[in-house]
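Here the sequence shown stands for residues 1 to 264, numbered as in UniProt numbering.
Virtual Cβ for every residue (Gly too), placed ideally from N, Cα, C.
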Amino acid sequence: MSEALHKSGRSHSAVKAVCLAVSGVNHPTDQQRVVDWLRNVFPSHVKLFVENDAVAALASGTMGKLHGCVLIAGTGSISYGSTEDGREARAAGAGPILGDWGSGYGIAAQALTAVMRAHDGRGPETRLTQDILCELGLGSPEELIGWTYADPSWARIAALVPVVVSSAEAGDPVADKILQNAVVELAASVRAVVQRLGLCGRDGKGSFPLVLVGGILEANRRWDIGREVLNHVTKDFPGAHPIRPKVEPAVGAALLAWNSVRGD
Numbered sequence: 001m002s003e004a005l006h007k008s009g010r011s012h013s014a015v016k017a018v019c020l021a022v023s024g025v026n027h028p029t030d031q032q033r034v035v036d037w038l039r040n041v042f043p044s045h046v047k048l049f050v051e052n053d054a055v056a057a058l059a060s061g062t063m064g065k066l067h068g069c070v071l072i073a074g075t076g077s078i079s080y081g082s083t084e085d086g087r088e089a090r091a092a093g094a095g096p097i098l099g100d101w102g103s104g105y106g107i108a109a110q111a112l113t114a115v116m117r118a119h120d121g122r123g124p125e126t127r128l129t130q131d132i133l134c135e136l137g138l139g140s141p142e143e144l145i146g147w148t149y150a151d152p153s154w155a156r157i158a159a160l161v162p163v164v165v166s167s168a169e170a171g172d173p174v175a176d177k178i179l180q181n182a183v184v185e186l187a188a189s190v191r192a193v194v195q196r197l198g199l200c201g202r203d204g205k206g207s208f209p210l211v212l213v214g215g216i217l218e219a220n221r222r223w224d225i226g227r228e229v230l231n232h233v234t235k236d237f238p239g240a241h242p243i244r245p246k247v248e249p250a251v252g253a254a255l256l257a258w259n260s261v262r263g264d
């Protein structure tokens, strides 16, 4: 924040509102902890808002208006939605242990598991074995064990997603099934949010923004996960209006702060 203010040529005293959208903020106690910290940074008249990062991602696609649903699929995944009267809902976003299976981590972890299953004879042979070993410069599936647990960080595992996509595009049925499962999981998280909030209207055909954010959903391969997810969602909710933001979620957070000032 200090760097942003410095680049803009403004001081802390010029700030009227702050919106911080932070990963891991899932409860009012989380929000209050960050607000208390911000109170020591900015003057008392400054309006402070602390939200989950999914809120800013939604705002980045709707120009600061909190209405609609956002699907984020990168290293992790989450669906978040908001109605114009302030009701909120979310699905997934609980981390890899609790089942973000449509995320980059979830896709890559299933691919690594498939390699070990094939090596043991517990699962079908798969092109993923040669492709992942080649990518990592390893000689055998046994070496995957050491590689995985040497640094089991989420982003490091998720970086293998392009290998899974390439294997699927080359015709590997195991890799293809992993991606298909990811599409189903991501679409299910959107469906849960839309239904809980009634964004689709009583007839299921109402229009609402569907903001798509994250590297997993980028349309740069023949096996286009984002397109497949959208196909699943629009089959259930034909009124879903897909939006791929032109700005970063940080701009969405700034828009939320700006809109609070305009509202006054």
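Taking C-beta separations shorter than 6 Å and ignoring five residues to either side along the sequence, the partners of GLY93 in its chain run ILE78, following chain order. As DSSP reads the structure, PRO242 sits in a beta bridge with LEU210.
Short of 6 Å from the beta carbon of VAL261, and not among the five residues preceding or following it, lie these beta carbons of its own chain, in chain order: LYS16 and ALA17. Sequence-distant partners of SER13 (beyond 5 residues in either direction) whose C-beta falls short of 7 Å from its own C-beta, in its chain, are PRO43. DSSP lists TYR80 and VAL211 as the beta-bridge partner residues of VAL70. As a beta-bridge residue in DSSP terms, PHE49 pairs with CYS19. For ARG90, the uninterrupted beta strand (DSSP E) segment begins and ends at 88-92. Collapsing the DSSP output to three states places MET1 in coil.
Between TRP147 and LEU136, the C-beta gap is smaller than 8 Å, which places the two residues in contact.
Around the Cβ of THR29, a 10 Å sphere holds fewer than 16 other Cβ atoms; the residue is exposed. Non-local beta-carbon contacts of GLY215 in its own chain, meaning distances under 6 Å to residues more than five positions away in sequence, involve GLY74 in chain order.
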